[in-house]
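Data first, discussion second: the structure below is written as structure tokens.
2 protein chains.
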Amino acid sequence: MPDILRIGLAGLGTVGSSLVGLIECHGSDLAVRCGVPISVSGVSARDRNRDRGVDLGGLKWFDDPMALARDPGIDVFVELIGGANGIALDSIKAALAAGKHVVTANKALMAEHGLALARQAEDAGVSLNFEAAVAGGIPIIKTLREGLAGNTVSRVYGILNGTCNYILTRMEEDSASFAECLTAAQELGYAEADPTFDIEGHDAAHKLALLTAIAFGTTVDANSIYVEGISSITLADIEAADELGYRIKLLGVASRTESGIEQRVHPTMVPKSSAIARIDGVTNAVAVEADFVGQLVLSGPGAGGDATASSVISDIADIARGDRVGTFGRPVSKLEPYRRAGIRLHEGGYYIRLSVFDRPGAFAAIAKRMADHNISLESIVQRHRAPRLSAPGGSVPEAPQPVILITYETTEDAIREALADILRDGHIAGAPQMIRIEQLS
Amino acid sequence: MPDILRIGLAGLGTVGSSLVGLIECHGSDLAVRCGVPISVSGVSARDRNRDRGVDLGGLKWFDDPMALARDPGIDVFVELIGGANGIALDSIKAALAAGKHVVTANKALMAEHGLALARQAEDAGVSLNFEAAVAGGIPIIKTLREGLAGNTVSRVYGILNGTCNYILTRMEEDSASFAECLTAAQELGYAEADPTFDIEGHDAAHKLALLTAIAFGTTVDANSIYVEGISSITLADIEAADELGYRIKLLGVASRTESGIEQRVHPTMVPKSSAIARIDGVTNAVAVEADFVGQLVLSGPGAGGDATASSVISDIADIARGDRVGTFGRPVSKLEPYRRAGIRLHEGGYYIRLSVFDRPGAFAAIAKRMADHNISLESIVQRHRAPRLSAPGGSVPEAPQPVILITYETTEDAIREALADILRDGHIAGAPQMIRIEQLS
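Protein chains in written order, with the numbering used here: chain A, 6 to 446; chain B, 6 to 446.
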């Protein structure tokens, strides 16, 4: 154990600046807690002269993060550069090769290269920690890796993207459209100028891939995740969900099934009474269902410089105390190969919203298609319809009317085939909307 | 690091039996996770012949826990005997003296003797862990000690007693009296035959004392906690809370104030919109407010053999991996002496329910008493009153009518003095009901 733990910090954006401030602010308490002082010895960022609101005066500056990663003056390399590849990846590899511990908040990089890097860290006998990569300030990695070490997890799920949850919450509260709420989120800095990565579910998928590996003891496989974003969610869906006792959340779900482990990110109808339904705004939450503990729910800030820095420092403090938990909670060689349960095998209830032409037999044809695929309906809601107007010649226009169906448990395969048939029959306008229902407590 | 970690288990009640079952069930995964197998080497309990649903065949039996605690064949002594003193305390001391690590689920013992035992463990260079002592299966000790190591906590609060939360939830859901719901809880095994310890708040106070020490880095002082139980809560309070946008929860709250650290356990009006308001039944929840992370909420099972065993094994797994965090997160010598902020200095809003005699001037007198003590009223609710009946002689009986007052922020001192004055004035029947309001998000 060294008598000081020296940090090399690459990346001085929001999180990096917060981390410098945190260590300034809580340095002496951290030394008491960890038994060794933690100090930032070197920093690296693109622009040396930007004002970051923290004093970088006493810190050794590195123009090249690679040089910082290899510097003999550091014990821990903290990667806050971002990006799944390039300099972030190269500098982590260089740091591990030089026998440094590594802490990163980089979910994309960990989802893509986490296994290889964990193996490299193991071989070097150093730590590779990434608490801040999943759900910001929530200590979910520590909870899964250590707190639930004596459990077999059956399902882990959560609200893993604050941007999406903010937009969905606003749609509900303000009865506003997706587009309006996205703009509001952008104005508040909760969504990027190009929001695709968040709203299409890819950010949540990276986090889910990491949770899955730790929760189930499998290899990471972000490419096997079924991903659907929230941009297709309309106010009609939000209102129908409310009427039916649900809320719509972008959920990341990983669950053990007979055919393997399902991993999916999609808008989900969650019962209003469930813990996860009550998570509003940019807050994140992760629920774990496991054999001994039952259900555990953690909620907190999913982003933000200070909250994320809180997770980064927790990883550093573990290293300072000499705690060595494998990156994914088990040696890489002991992780089971991830066995995918494809989305077509998914079983659950479904919400279907159709715009049905107002003509005789239309609904009967739809009901028959569902029956053809053995899908039972739990409820049928014909939403409030506009008064029927006779056209001048006395004929009745075929104005489409919204119809909402809630199915009992069925398979994704059956639903997709039934909807394809229904679309082919031509009694509906536009494409059917389909949202999966998740049974939660 | 030994090549096997040998457990001596004292106490084979619900939790002890679950722990044996858990190690049987997950032993091989635990060995992979920790890098060393964990095995139960010896057990001790009162009755050797009781059927506990687990196989004790291969385990060495000790009639005397003291002998088990000192046995050279064990590395970790797990105390699940219970009781703040007596054999539980003696055997832990003996184990520490013999250089064994200790894991305990005993909140009463830790609240009373935790500091001295932590010092003994420190001197012996071994771990003393107690995750299971607070909030059952929720890893709140780990979260505070490790996950939030880089934070200064300003408030920690929670639903720490499942029995009370179950009773309050039932009162609300069934519109039933406290006594009826207590009986229901007893029938379901959620309350003891003598429920005093739970319903009067003492169990929650022990847990709060431990949370306070870790959250604020202070010595443990369970005797300084202001404690009020839930037996005085009536259906009228539950209904009034609902009308006013609150729910009533038995909350343990520790918060940093100018005059020291407040520790209190009492029925609390919490805003319906708060995370903690939505915790129903026997579930526990702990919320932490801290400078960098913001607000974090953990909820899960607060009791039960399996959930508690999940926490016990997590403590054992930490020891198996060689992780050494001080019992209270810091060396005992570095804990600040606990400085009490007395309840009379508490500042907050209050709910007051009075039975006011229906006579001229009664309410004016009450309002004046509040004003005398600089207490402003946020709302006044005169609940639905029975029709006034004229007595035979034409005189009007003085039937008392319920009146509910919600105050703006004031001090406990002012409220107590105002209520004493009101009682003295004689316009109310019975004693006033007073419930503190907690501002939560």
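Each residue gets a CB set at the ideal place from its N, CA and C atoms; glycine is no exception.
Keep in mind the model is a prediction, meaning the values are calculated, not measured.
Residues near residue i in its chain [Cβ-Cβ closer than 6 Å; skip 5 each side]
{"i": "residue 135 of chain A", "result": "109, 115"}
{"i": "residue 217 of chain B", "result": "259, 268"}
{"i": "residue 370 of chain A", "result": "430, 432"}
{"i": "residue 409 of chain B", "result": "245, 358, 386"}
{"i": "residue 262 of chain B", "result": "346"}
{"i": "residue 178 of chain A", "result": "none"}
{"i": "residue 226 of chain A", "result": "343"}
Own chain, CB closer than 7 Å to residue i, minus 5 neighbours either side, in chain order
{"i": "residue 309 of chain B", "result": "141"}
{"i": "residue 93 of chain B", "result": "84, 86, 87, 111, 114"}
{"i": "residue 38 of chain B", "result": "322"}
{"i": "residue 207 of chain B", "result": "232"}
{"i": "residue 330 of chain A", "result": "150, 151"}
{"i": "residue 58 of chain A", "result": "22"}
{"i": "residue 290 of chain A", "result": "163, 164, 281, 284, 302, 303, 304"}
{"i": "residue 155 of chain A", "result": "297"}
{"i": "residue 53 of chain B", "result": "66"}
Residue i, DSSP secondary structure in three states
{"i": "residue 168 of chain B", "result": "helix"}
{"i": "residue 276 of chain A", "result": "strand"}
{"i": "residue 156 of chain A", "result": "coil"}
{"i": "residue 105 of chain A", "result": "coil"}
{"i": "residue 336 of chain A", "result": "coil"}
{"i": "residue 382 of chain B", "result": "strand"}
{"i": "residue 20 of chain B", "result": "helix"}
{"i": "residue 70 of chain A", "result": "helix"}
{"i": "residue 408 of chain B", "result": "strand"}
{"i": "residue 57 of chain B", "result": "coil"}
{"i": "residue 449 of chain A", "result": "The structure shown does not extend to residue 449 of chain A, since chain A is modelled only from 6 to 446, so the question has no answer here."}
{"i": "residue 444 of chain A", "result": "coil"}
{"i": "residue 362 of chain A", "result": "strand"}
{"i": "residue 84 of chain B", "result": "strand"}
{"i": "residue 217 of chain A", "result": "helix"}
{"i": "residue 260 of chain B", "result": "strand"}
{"i": "residue 238 of chain A", "result": "coil"}
{"i": "residue 295 of chain B", "result": "strand"}
{"i": "residue 119 of chain B", "result": "helix"}
{"i": "residue 289 of chain B", "result": "strand"}
{"i": "residue 32 of chain A", "result": "helix"}
{"i": "residue 416 of chain A", "result": "strand"}
{"i": "residue 224 of chain B", "result": "coil"}
Closer than 7 Å: residue i CB and nearest the ligand SAH heavy atom
{"i": "residue 421 of chain A", "result": "This structure does not include the ligand SAH; it has no bound ligands of any sort."}
Anticipated Cβ contact below 8 Å, residue i with residue j, distance rounded
{"i": "residue 164 of chain A", "j": "residue 249 of chain A", "result": "Not quite, the Cβ-Cβ distance comes to about 20 Å (not below 8 Å), so this is no contact."}
{"i": "residue 139 of chain A", "j": "residue 215 of chain A", "result": "5 Å"}
{"i": "residue 14 of chain B", "j": "residue 48 of chain B", "result": "5 Å"}
{"i": "residue 79 of chain A", "j": "residue 9 of chain A", "result": "Contact doesn't hold; Cβ gap of about 11 Å is too wide."}
{"i": "residue 237 of chain A", "j": "residue 444 of chain A", "result": "At roughly 23 Å, the Cβ-Cβ gap does not stay under 8 Å, so residue 237 of chain A and residue 444 of chain A are not in contact."}
{"i": "residue 325 of chain A", "j": "residue 380 of chain A", "result": "In fact, because the Cβ distance is near 56 Å, the residues do not count as touching under 8 Å."}
{"i": "residue 416 of chain B", "j": "residue 350 of chain B", "result": "7 Å"}
{"i": "residue 341 of chain A", "j": "residue 160 of chain A", "result": "So it is not a contact: roughly 17 Å between Cβ atoms."}
Beta-carbon contacts of residue i that lie in its chain and below 8 Å, excluding the five residues immediately before and after
{"i": "residue 107 of chain A", "result": "81, 82, 83, 84, 97, 100, 101, 122, 126, 131, 132, 133, 134"}
{"i": "residue 200 of chain A", "result": "168, 187, 190, 191"}
{"i": "residue 3 of chain A", "result": "Outside the shown range of chain A (6 to 446) lies residue 3 of chain A, about which nothing can therefore be said."}
Determine, using beta-carbon pairs with one atom in the segment 307-327 of chain A and one in the segment 15-27 of chain A, whether at least three such pairs fall under 8 Å.
The segment 307-327 of chain A makes contact with the segment 15-27 of chain A: 3 or more CB pairs, one atom from each, lie closer than 8 Å.
Residues of the segment 138-154 of chain A with Cβ closer than 9 Å to any Cβ of chain B, in chain order:
Look at the segment 138-154 of chain A: the residues with a C-beta under 9 Å from a C-beta of chain B are 141, 142, 143, 144, 147, 148, 150, 151, 152, 153, 154.
At least 3 beta-carbon pairs within less than 8 Å: the segment 341-358 of chain B vs the segment 72-84 of chain B
No: the two stretches stay apart, fewer than three of their Cβ pairs being nearer than 8 Å.
Anything in the segment 289-316 of chain A with a Cβ closer than 7 Å to a Cβ of chain B? List those residues in chain order, please.
Of all residues in the segment 289-316 of chain A, only 297, 298, 299, 300, 301, 302, 303, 304, 305, 306, 311, 312, 314, 315 place a beta-carbon less than 7 Å from a beta-carbon of chain B.
If we count Cβ pairs, one from each stretch, closer than 8 Å, do we get three or more for the segment 335-350 of chain B versus the segment 264-281 of chain B?
Contact between the segment 335-350 of chain B and the segment 264-281 of chain B is present, because at least three Cβ pairs lie under 8 Å.
Output, in sequence order along the chain, the residues in the segment 50-67 of chain B whose CB is closer than 8 Å to any CB in chain A.
The segment 50-67 of chain B vs chain A, Cβ under 8 Å: nothing.
So if I threshold CB-CB distances at 7 Å, which residues from the segment 119-133 of chain A count as touching chain B?
Residues of the segment 119-133 of chain A with a C-beta less than 7 Å from any C-beta of chain B: none at all.
Three CB pairs or more closer than 8 Å across the segment 294-305 of chain B and the segment 290-306 of chain A:
Because the criterion of three Cβ pairs below 8 Å is met, the segment 294-305 of chain B and the segment 290-306 of chain A touch.
Using a Cβ-Cβ cutoff of 7 Å, what residues of the segment 267-289 of chain A are near chain B? List them in chain order.
If the cut-off is 7 Å between Cβ atoms, the segment 267-289 of chain A has 280, 283 near chain B.
By the 8 Å beta-carbon criterion, what residues does the segment 237-250 of chain A contribute toward chain B?
Of all residues in the segment 237-250 of chain A, none has a Cβ within less than 8 Å of some Cβ in chain B.
Please identify, using Cβ separations under 7 Å, the residues of the segment 13-32 of chain A that lie next to chain B, in order along the chain.
Shown in chain order are the members of the segment 13-32 of chain A whose Cβ falls below 7 Å from a Cβ of chain B: 27, 31.
Near-chain B residues of the segment 175-198 of chain A - C-beta to any C-beta below 7 Å:
Taking 7 Å as the Cβ-Cβ cut-off, the segment 175-198 of chain A has no residue approaching chain B.
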